[in-house]
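> Protein chains in written order, with the numbering used here: chain A, 7 to 263; chain B, 110 to 416. Built from N, CA and C at the ideal position, the CB exists for glycine as well. From a predicted model like this one, the values you see are computed outputs, not experimental measurements. One structure, pasted below without further comment.
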Amino acid sequence: MSSVDIVEIEKIQEETPTIRSLFFEWGKKFKAGQFVMIWIPGVDEVPMAISKEDFDFITVKKRGDATETLHEMEPGQKIGVRGPYGNGYDIKREKILIVTGGCGGASLMEAVHFAEDKDIEVVTCLGAKTEEELLFRDRFSDMTELRVATDDGSAGHHGFVTDLAKKVICEEDIDLVLTCGPEIMMKKVFEICVARDIQIQASLERYMKCGIGICDSCTIDGKQVCLDGPVFTGDELKEMDEFGKFERTKEGRLVEL
Amino acid sequence: MTSLGSKSFGFEFDPPLILASGILDQTAESMERLIRGGMGGVVTKSIGMKARGGHSNPTVVELDTGLLNAMGLPNPGIDSYIEELVALKSKAKNTPLIGSIFASDPHDFAFLAEKMVLNGADIVELNLSCPHAEGYGASIASEPDLMAEVIEEVKSTIDEPILAKLPPSSLIAEKAKVAEKSGADGIVCINTVKAMAINFETRTPILGNKVGGYSGPGIKPIGLRCVFEVYSATEIPIIGCGGITTGRDALEYLSAGASAVQVGTAIRSRGKEAPQKIADEMKELMERERISDLSEVIGKAHECAVK
Ligand SMILES: Cc1cc2nc3c(=O)[nH]c(=O)nc-3n(C[C@H](O)[C@H](O)[C@H](O)COP(=O)(O)OP(=O)(O)OC[C@H]3O[C@@H](n4cnc5c(N)ncnc54)[C@H](O)[C@@H]3O)c2cc1C
Ligand SMILES: Cc1cc2nc3c(=O)[nH]c(=O)nc-3n(C[C@H](O)[C@H](O)[C@H](O)COP(=O)(O)O)c2cc1C
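Quick look at the structure:
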């Protein structure tokens, strides 16, 4: 087993002013919703969702040191990849609704590819603060039936993406909802689904260190996000007291989200 | 009936498999889950005086023969951790709970030990052996006088049993003797072996801290040797640790002289049911050898009779 695979960045695509995708040849198999640990030598190692088109790629939102460094990197530079880790989405339904905001689309693009492959119908509700921050708007509109919401009304529905989601759930025959994005958004989507008894799978984010289920850093209510997740079903989410409320710091302290 | 019960310092470990410090033991729920998975005891994450973030990532490197880690003793600090301890104790009343602590001086060790036992720990384990946190862990065991002072101070503060967790070293028997003389009720050996990983393509050490500790199957021969030597040198019970993955590994450690063993990295390779699997394998091997009780195993490698 090689401890970490070193790959060279082949190309970079700026997706929004704060989000970019980095493409590289990794070659390992993975499932929609799984993630990898990305090593930036000398800087940090952080969890990122992984997708595949002509190359394997990650899609990164600028937040702190590690992601800022990834935003400064250029083709030809090297990063490390280990994984794939986690469980991924379990997609067997006929009609899926995707609800996403922020950088959540990074985790869902592979699910869209999978659904397209299997002729599964997908409706997407995509949200962002502003029009220019809508991630993968073109990809989603090419492969799925897209509805858009922005906080400032610069595109689509002026308001929350969860308003759109609720409408779709009420009006259409949805078998399964997949969601990834800000946890408050996912919690809202979860509540809508529970009230209508619709299956949901949500991909959660917690501070990760080992990525392999031993350090207990990313644990939420006894479940390791890196190993038991990152995707949890509605039934699992129902059992979680911390979902939508608490997370653990790097030190392991439980704090409000 | 084959029994896997083993008694040390007044506590029964059944099976004699204890969750090693630092593996899935930051939260009460995770420890509880491993008790359900068959652990006969649990050691908490090593807890210090204040919240500590630990080293930067990468903190873990996967190897063919185990793992490297340089977590750097991340922990929420004793005041915050008490909540986990209390929650665990209320749910797992019958499983011995061992509180692991780290500090840089005898006074802090004693303070932490007292907090641990006041909030549910049955036994206290002194981390004198973490190889990658300067001023803590192995830095203490490398100074015999300081180690003796730490143990004496804790001993005079609490009544509960105290375990000294030692690093692998060619001098481990000497260190164990010092620990015994200072009042330790048991020895835990070994902690991880100081090690590193370098990536060639980037010519860079992989771990954020550059050096870390090696655990898993690759260190089993070192752990066995340490237990074997400590058994000859001391009278107090030994808890073996290092690379225990199967029932056979555990029985080898008991043969070397351990009364019970700790299991860490095997949780990665065999899942949260690892303790149940290891216990089943132990029983099967014992039955094959027509052994019904662990007293027929512990320390027997020192007798070397033709079987
Ligand atoms: C399973 C999973 C998949 C993810 N996928 C993506 C993705 O595809 N694209 C993307 O842009 N982001 C993704 N993230 C989030 C991403 O890992 C963090 O944004 C990144 O680690 C921030 O690091 P930083 O050094 O830039 O920021 P920092 O300044 O270090 O931290 C900013 C915030 O990011 C979070 N964070 C920092 N380090 C970690 C860590 N090791 N693990 C988890 N969270 C951390 C914390 O909430 C912190 O407050 C994912 C997270 C998880 C858990
Ligand atoms: C991720 C990780 C974290 C650890 N943290 C601690 C710790 O906080 N305190 C400690 O005494 N030992 C710690 N250890 C060492 C283990 O308790 C154990 O001594 C060592 O891993 C050897 O056992 P194993 O091969 O069964 O894992 C840690 C080990 C690992 C792999």
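Decide if the region 66 to 77 of chain A is in contact with the region 197 to 210 of chain A; the criterion is three or more beta carbon pairs, one per stretch, under 8 Å apart.
no
> With a cut-off of 8 Å, does the C-beta of E171(B) fall near any C-beta of chain A?
Chain A contact via Cβ: present.
> Buried or exposed, going by whether 16 or more other CB atoms sit within 10 Å of the CB of K341(B)?
Position check: residue 341(B) holds Ser in this sequence, whereas Lys was assumed. By the 10 Å Cβ count, S341(B) comes out exposed.
> Is R397(B) buried or exposed, if buried means 16 or more other CB atoms sit within 10 Å of its CB?
exposed
> Would you say the beta carbon of S238(B) comes nearer than 7 Å to a heavy atom of ligand 2?
yes
> Along the chain, where does the alpha helix (DSSP H) that runs through F142(A) open and close?
It is not in any alpha helix (DSSP H) - F142(A) carries neither H nor E in the DSSP assignment.
> Quick check: A247(B) and G157(B), are their CB atoms within less than 8 Å of each other?
Going by C-beta atoms, A247(B) is not nearer than 8 Å to G157(B).
> To which residues does DSSP link R161(B) through a beta bridge?
N184(B)
> Where do the N-terminal and C-terminal ends of the beta strand (DSSP E) with A155(A) fall, by residue?
E151 to T156
> Nearest chain B C-beta to T73(A) closer than 8 Å, yes or no?
no
> Going by DSSP, what residue range makes up the beta strand (DSSP E) through Y323(B)?
Looking at the DSSP string, the run of the beta strand (DSSP E) that includes Y323(B) is V320 to S324.
> Chain A partners of R145(B), CB-CB under 9 Å?
Near R145(B) there are no residues of chain A at all, since even the closest Cβ is about 10 Å away, more than 9 Å.
> Please specify which runs of the beta strand (DSSP E), each continuous and at least 3 residues long, are wholly inside the region 22 to 110 of chain A, giving them in chain order.
Listed in chain order, the complete beta strand (DSSP E) runs (minimum 3 residues) inside the region 22 to 110 of chain A are 25 to 30, 41 to 46, 50 to 55, 62 to 67, 84 to 91 and 101 to 107.
> By the 10 Å Cβ neighbour count, where 16 or more other Cβ atoms means buried, how is F374(B) classified, buried or exposed?
It should be pointed out that residue 374(B) corresponds to Thr in this sequence rather than to Phe. Result: buried.
> Please identify the residue among P47(A), I85(A) and E178(A) whose C-alpha is closest to the C-alpha of E127(A).
E178(A)
> Quick check on this structure: which residue in P215(B), L194(B) and G146(B) has the alpha carbon closest to the alpha carbon of I232(B)?
L194(B)
> For I132(B), count the other beta carbons within 10 Å of its own beta carbon; 16 or more makes it buried, fewer makes it exposed. Which is it?
buried
> Mind pulling the chain B residues with CB within less than 7 Å of E16(A)?
Those within 7 Å of E16(A) in chain B number zero; the least Cβ separation is about 16 Å.
> Does the distance from the CB of E137(A) to the CB of S113(A) come in under 8 Å?
no
> Mind listing, in chain order, the continuous alpha helix (DSSP H) runs of no fewer than 4 residues lying wholly within the region 223 to 304 of chain B?
247 to 250, 253 to 266 and 281 to 291
> Return yes when the Cβ of G352(B) is within less than 8 Å of the Cβ of C298(B), no when it is not.
Going by C-beta atoms, C298(B) is not nearer than 8 Å to G352(B).
> Less than 7 Å between C-beta atoms, sequence neighbours within five positions excluded: which residues of the same chain meet that for K194(A)?
For K194(A), same chain residues with a beta-carbon under 7 Å away, outside a window of 5 residues either side, are T168 in chain order.
> May I ask you to report which of helix, strand or coil DSSP gives M7(A)?
With a pLDDT of only 47 at M7(A), under the threshold of 50, the placement of this residue in the model should not be trusted; the figure read from the coordinates follows. DSSP places M7(A) in the coil class of the three-state scheme, outside both helix and strand.
> Quick check: the Cα distance between E390(B) and I187(B), rounded to an integer number of angstroms?
37 Å
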